[in-house]
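Numbering (the numbering used here), first residue to last: 86 to 495.
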């Protein structure tokens with residue numbers, strides 16, 4: 086109750102400071118529809134009204150994660166699934182070349198299961214052992230025998246090798262080819278019934294994807310109210326662009342892992358950098374702090390090391406939405422509302438339930454929501470991932486430790 090009252094008072098102050106809309110303008114203020122948890126729709130509407138055309142503003146920014154935030158299920162994984170079943174991956178000269186962190190054990194396992202020899206299509210549709218290893222490494226970062234697939238040093242708040250690895254698996258293909266695979270996968274996934282699964286190797290994976298109607302409506306309403314809406318994802322950018330177009334977000338407003346192209350305009354295992362970090366083999370992607378960096382750099386034009394830092398109020402999104410710990414930094418940067426889709430991810434949920442600025446909104450997944458997490462989130466001990474990969478307590482801006490929080494919105 087205290088947090089809800091604080092949020093209402095803060096929203097009222099913003100509204101009071103905004104230009105007063107004329108009665109005619111108010112009549113045409115874009116309105117949200119659909120079913121949301123609790124007061125979330127009303128609270129989102131307050132932010133839209135305060136920062137949008139209804140109050141005489143245009144150009145406020147809203148940023149959305151994609152997978153499991155705007156859609157149910159992961160669209161890059163759906164594309165990888167389609168590609169594996171249609172032999173669209175090309176065999177590398179050496180599997181070690183596909184990632185800066187791939188271990189010798191993973192290299193040997195992939196070589197035995199999939200072979201080598203640059204350029205030939207992998208026959209993953211008829212070689213389930215190869216498919217099995219690729220899916221296992223993507224899902225868990227280990228081989229099917231349990232060996233670590235990635236090792237070495239990386240900043241765990243800027244990248245995770247198995248996320249960066251998926252675009253790297255499409256090396257040798259063009260962005261247009263990858264987009265065509267995404268379109269085929271999209272048609273297949275939208276046609277499959279909700280809840281459908283399929284088998285890849287020995288793995289059972291989702292066979293369907295759905296746009297969340299509420300998020301489509303939110304994005305549509307924001308755009309009608311003069312917001313600049315961006316998608317920021319740790320998926321492959323040519324894939325995400327195919328899906329984001331259907332909610333009115335064009336390629337220029339879609340940010341994801343951007344592969345560096347070779348002289349033939351084909352995808353390489355390198356991706357573009359951010360925040361003063363040049364192109365690398367996956368060291369900097371839109372992931373945790375990397376999402377902030379890419380938003381600051383691509384949306385607000387902040388260059389160099391400053392792009393890693395939280396920016397002044399006017400250079401931050403009014404609204405941001407995410408579902409996982411990968412989103413916690415950029416969602417926390419929003420000035421008007423931090424919208425969280427509850428998938429039980431500890432760092433994000435600890436921030437959301439702590440609600441330090443009374444602007445955090447938690448909503449269950451719109452399709453097949455998770456049950457209540459039975460134990461409190463370990464905010465005070467292991468909720469935060471440090472740059473070295475170890476876990477520690479989550480702290481507020483003043484340095485105080487966030488206490489463990491119960492799961493209350495499900």
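Every residue, glycine too, gets a C-beta built ideally from N, C-alpha and C. Note that the coordinates shown come from a computational prediction; the quantities given were computed from them, not determined experimentally.
Apart from sequence neighbours up to five positions away, the residues of its chain that approach residue 245 with a beta-carbon distance below 7 Å are 372, ordered along the chain.
DSSP lists 317 as the beta-bridge partner residues of residue 340. Looking at the DSSP output, residue 288 shares a beta bridge with 285. In this structure residue 491 is exposed. Its beta-carbon is surrounded by fewer than 16 other beta-carbon atoms within 10 angstroms.
Straight through space, the alpha carbons of residue 453 and residue 443 are spaced by roughly 27 Å. Its Cα nearest to that of residue 320, the residue 252 stands out among 331, 252 and 290. Counting along the chain, the unbroken alpha helix (DSSP H) around residue 415 starts and ends at 413–418. When the beta-carbon positions are compared, residue 343 and residue 357 come within less than 8 Å of each other.
If you look at residue 427, you'll find it in the beta strand (DSSP E) that goes 422–427.
Distances from the alpha-carbon of residue 276 to those of 126, 295 and 315 put 295 closest.
Unbroken alpha helix (DSSP H) runs of no fewer than 4 residues, entirely contained in the stretch 342–409, are found at 374–383, following chain order. Residue 286 sits away from residue 206, with the two beta carbons spaced by 8 Å or more.
For the pair residue 178 and residue 201, the CB atoms are nearer than the 8 Å cut-off. Nearest C-alpha to residue 346 among 354, 340 and 339: 354. Taking every protein chain shown into account, the CB of residue 118 has fewer than 16 other CB atoms within 10 angstroms, so this residue is exposed. Burial check for residue 279: the Cβ neighbour count within 10 Å stays below 16, so the residue is exposed.
For residue 447, there is no enclosing alpha helix (DSSP H); the residue is part of the beta strand (DSSP E) that begins and ends at 445–449. As a beta-bridge residue in DSSP terms, residue 152 pairs with 156. The beta carbons of residue 267 and residue 327 sit closer together than 8 Å. Using a 10 angstroms sphere on the CB of residue 399, the tally of other CB atoms stays under 16, which defines it as exposed.
Take residue 184, set aside five residues on each side of it, and the residues of its chain with a beta-carbon closer than 8 Å to its own are 235, 246, 249, 250, 253, 354, 366 and 367, in chain order.
Inter-residue distance for residue 470 and residue 432 is about 8 Å (C-alpha atoms, whole angstroms). Taken through DSSP and simplified to helix, strand or coil, residue 486 comes out as strand. Sequence-distant Cβ neighbours of residue 396 in its own chain, meaning closer than 7 Å and more than five residues away, are 381, 385 and 387. A Cβ-Cβ separation of about 5 Å places residue 472 in contact with residue 242 under the 8 Å criterion.
Secondary structure in the stretch 113–138: the alpha helix (DSSP H) runs of 4 residues or longer, each lying completely within the stretch, are 125–136 in chain order. Contact annotation: residue 284 and residue 228 have beta-carbon atoms that are not nearer than 8 Å. A distance below 6 Å between beta-carbons, with the five flanking residues on each side excluded, links residue 445 to the following residues of its chain, in chain order: 423 and 437. Distance from the CA atom of residue 482 to the CA atom of residue 439, rounded to whole angstroms, is 12 Å. Across the set 416, 403 and 359, the C-alpha of 359 shows the shortest separation from the C-alpha of residue 389.
Here residue 317 really is in contact with residue 376; their C-beta atoms are around 5 Å apart, less than 8 Å. Counting every other CB atom within 10 Å of its CB across the protein chains shown gives residue 335 a total below 16, marking it as exposed. When DSSP states are grouped into helix, strand and coil, residue 140 belongs to the helix group. Of the residues assessed, residue 174 falls on the buried side of the cut-off, its CB having 16 or more other CB atoms within 10 angstroms. Put simply, the backbone Cα of residue 312 is about 8 Å away from that of residue 133. Secondary structure note for residue 217: its alpha helix (DSSP H) is the uninterrupted segment 213–225.
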